[in-house]
Amino acid sequence: MDEIPKPFYSVPVVPDPIKELPDRVAESLVEKTFLITGGTGFLGKVLIEKILRRCPKIKRIYLLMRPKHGKDSKQRVEELFASAVFNLLKKMHGNNILDKIQVISGDCSQPDLGISEEDRALLSEEVQIVYHCAATIRFDEPLKKAVLLNTRGTRSMLELAQRCSKLILFCYISTAYCHLDKKVLEERAYSSPVDPHKIIKSCELMDEELVDKVSEKILKGFPNSYAFTKNLSETLVNDAIQQGMPCMILRPSVVIPTWLEPLPGWMDNINGPTGLLIGAGKGVIRTMYCDNNGYADFIPVDICVNGILLATWNYIGLHLLRVQDRINKGFEVFEYYANNQWIFKNEHLVYMRPILNQHEKILYKIDGDGMDIRKYFCDCILSARTYILKETPDTIPQARRHMRIPNVGVIVVRRTFEN
């Protein structure tokens, strides 16, 4: 009988000799108040979990959430923290740690975020650190919807943050793929080809059908609405920086399942490579058009979150740091990225490594030392089966037998054409 595999990786354990070293990241966040958008998303969940688990002495996290699928904000929070990604947090600190979360009803796609004046006043008085993670990540999103959520939503968040009397930092989670005309992406600001305010105004005045008709002309030079709207959003944040607002832009590449913590291989969606893994594992996907000599710019979400927190600590205590940061309708969504290569500079992130003590290097790992890519993706596959497909480990032997049947057919067809 086939042996049922177990995860290769686990949450890192700090050796006793270095436990006494300080965790300067956690110390910098004591009694801080946060506002987080996109908290129900993949990255947002891991960010919230890490903050609460490693920095339990924070004051509060306000989560901007909208009612969805007939559920109010309270029900969505209960659903959020029922996720397996929060199991370690609750085990370490108990369920009461979740009392530090307070929901603010709102929607980043609505004018002025759909926030009540009462909540707006509360946030203006309390919030010190803003993590703006909310965005539609669908590459084929209609342009109007993408602009209103990704770009106008960012402008509204900046306007709200400007009213926060205690603001220390506004952190915008962008993407490494928003300046694709640059084969080498430096850690600096770039100008947009169009005025983001004019694009927002046009999308507000025009109906979706009309916007779709002119979208090809508007998106000239961009492969999709996601890259375009994130590019515009960066311009808005850079304008705020020029006006003296404490902001930073973080540019992750493709965010993939956790490597080490809080749960190896964890994910909650089938976007990006996770969808490819599931599709290939189920025998649905056999081939994909890509550059066989290229490389993949992936970053596990736990490494991404560690980078966000280290950048926050560095900004608070030192200086501004910028860190590099579903199977859709068809593979044309991925082809642009699979067949083009870029160089993303990350000297600032590399600079962070030697200034961390041994304790912090374990708690906030931002390098790939010790990672075996094959073992990592094995963990991703195991977690995809458990958390996405809801398949129990005892079904793995049967799944392997199932895979052998179509594989035989594929081999026969390939050999036929080769001959």
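Numbered per my numbering, the sequence shown spans residues 7 to 425. Beta carbons are placed, not taken as given, at the ideal position from N, Cα and C, and that holds for glycine.
Quick check on DSSP: helix, strand or coil for Leu27? coil
Please report the distance separating the alpha-carbon of Leu355 from that of Arg194. 13 Å
Contact between the stretch 254-268 and the stretch 214-224 (3+ Cβ pairs under 8 Å): no
Please classify Tyr295 as buried or exposed, where buried requires at least 16 other C-beta atoms within 10 Å of its C-beta. exposed
Please classify Gln134 as buried or exposed, where buried requires at least 16 neighbouring CB atoms within 10 angstroms. buried
Under the three-state DSSP convention, the category Met254 falls into: strand
So which of Glu215, Phe176, Leu186 has the shortest CA-CA distance to Ala246? Phe176
Residue environment, Pro202, which counts as buried when at least 16 other CB atoms sit within 10 Å: buried
Quick check: the Cα distance between Leu269 and Leu369, rounded to an integer number of angstroms? 14 Å
Helix, strand or coil: how does DSSP classify Phe228 here? coil
Over the uninterrupted beta strand (DSSP E) stretch that includes Val260, give me the two end residues. 260-262
For a test of the three-state rule: what should DSSP assign to Met98, helix, strand or coil? helix
For Thr280 versus Ala182, is the C-beta spacing smaller than 7 Å? no
For the beta strand (DSSP E) containing Tyr68, list its first residue and its last residue. 66-71
Identify every residue that forms a DSSP beta bridge with Leu191. Phe350
Helix or strand or just coil, what does DSSP make of Lys223? helix
Straight-line CA distance for Lys236 to Leu362? 31 Å
Comparing alpha-carbon positions, which option in Glu341, Pro28, Ser231 lies nearest Ala141? Ser231
For His185, does the count of other Cβ atoms within 10 angstroms reach 16, so buried, or fall short, so exposed? buried
CB Ile305 to CB Pro258, shorter than 7 Å? yes
Lys25 to Gln364 span [Cα, whole Å]: 9 Å
Among the residues of its own chain, which have a CB less than 7 Å from the CB of Glu55, if the five just before and after it don't count? Val91, Phe92, Leu95, Pro268
Which residue from Ala405, Arg66, Gln347 puts its Cα closest to that of Asp187? Gln347
In angstroms, rounded to a whole number, what distance separates the CA positions of Asp146 and Val20? 43 Å
Cβ-based burial, Asp378 [other Cβ within 10 Å; buried from 16]: exposed
Output the distance between the C-alpha atoms of Glu84 and Ile107, rounded to the nearest integer angstrom. 11 Å
Taking only the alpha-carbon atoms, compute the straight-line gap between His75 and Asn277 and give it to the nearest angstrom. 21 Å
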